[in-house]
Amino acid sequence: MIDHGYDLEIINNIADVLMPKYETLAVAESVTAGQLQVAFSLAEGATQFFQGGITAYNIGQKSKHLQIDPIHAGNYNCVSEKVTDQMAAHVVSLFAADWGIAITGYASPVPEEHIHDLFAHYTIYYRNKCVKHERITAPHNDVLTVRTHFTNAVLRKFYDACRTIGI
Numbered sequence: 038m039i040d041h042g043y044d045l046e047i048i049n050n051i052a053d054v055l056m057p058k059y060e061t062l063a064v065a066e067s068v069t070a071g072q073l074q075v076a077f078s079l080a081e082g083a084t085q086f087f088q089g090g091i092t093a094y095n096i097g098q099k100s101k102h103l104q105i106d107p108i109h110a111g112n113y114n115c116v117s118e119k120v121t122d123q124m125a126a127h128v129v130s131l132f133a134a135d136w137g138i139a140i141t142g143y144a145s146p147v148p149e150e151h152i153h154d155l156f157a158h159y160t161i162y163y164r165n166k167c168v169k170h171e172r173i174t175a176p177h178n179d180v181l182t183v184r185t186h187f188t189n190a191v192l193r194k195f196y197d198a199c200r201t202i203g204i
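Start counting at 1 in the sequence shown, then tack on 37, and there's your number in our numbering.
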């Protein structure tokens, strides 16, 4: 078996929470570059709850597809709580999902932007309401390891949210 680095137990636990309630999920990603979509696709019965996702890397695509405020996003290099709030809100609508997750951040330093720490903002939406947003950090490592770290962190945060919200 291939070790992809995703927490399969958490992924299947999420499926076990969502499927009996007939609730669905969609994701909007940037920093994780589609890894959340890959992780959710690994769940047993993924097609019963995972609607899909979108990976948008730049302000133009985030504005066009996820309706983010381009002026605010431009001021923050698309990395802020407000950007992920807007991404999550729109991905719920775009995919007709109950739940939406959005994440954007830095998986490697950007010295020219004075970004040395690796961090991301994520937001979880449930039925058009923000239920959690937070800034998370990662230790310096190669980009793939950092992305996987962010992916697993959000999977854990989402599992906590979907177990306690909407009951």
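Note that beta-carbon positions come from the ideal geometry of N, C-alpha and C, so glycine has one too.
Alpha-carbon spacing of residue i relative to residue j, whole angstroms
i                 : j                 : result
threonine 92      : glutamate 150     : 22 Å
phenylalanine 86  : proline 148       : 40 Å
tyrosine 43       : alanine 76        : 6 Å
isoleucine 108    : glutamate 118     : 14 Å
phenylalanine 156 : isoleucine 173    : 6 Å
leucine 61        : phenylalanine 132 : The sequence as given places threonine at residue 61; leucine does not occur at that position. Answer to the nearest angstrom: the Cα atoms are 9 Å apart.
Terminal residues of the alpha helix (DSSP H) in which residue i lies
i             : result
valine 54     : 45–55
glycine 97    : 96–103
alanine 126   : 118–131
isoleucine 27 : This structure cannot speak to residue 27, because the chain is shown only from 38 to 204.
valine 75     : 72–78
Residues bridged to residue i (per DSSP)
i              : result
arginine 172   : His158
lysine 194     : None, per the DSSP bridge assignment.
alanine 62     : The amino acid occupying residue 62 in the given sequence is leucine; alanine does not appear at that position. Answer is Phe87 and Trp136.
isoleucine 202 : According to DSSP, which records beta bridges pairwise, isoleucine 202 is partnered with nothing at all.
Limits of the unbroken beta strand (DSSP E) element including residue i
i            : result
glutamine 88 : 87–92
Supposed contact pair residue j and residue i - C-beta distance, whole angstroms, cut 8 Å
i              : j             : result
isoleucine 48  : leucine 192   : 6 Å
isoleucine 187 : glycine 142   : In the sequence as presented, isoleucine is not what sits at residue 187; that position holds phenylalanine. Confirmed, Cβ separation roughly 7 Å.
alanine 63     : glycine 89    : 6 Å
alanine 144    : valine 183    : 4 Å
leucine 73     : glutamate 81  : Between glutamate 81 and leucine 73 the Cβ distance is about 17 Å, and since that is not below 8 Å, they are no contact.
arginine 164   : aspartate 135 : 6 Å
isoleucine 51  : cysteine 199  : 6 Å
Residue i: CB within 8 Å of a non-hydrogen atom of the ligand MG
i         : result
lysine 99 : With respect to the ligand MG, the structure offers nothing, as it holds no ligand at all.
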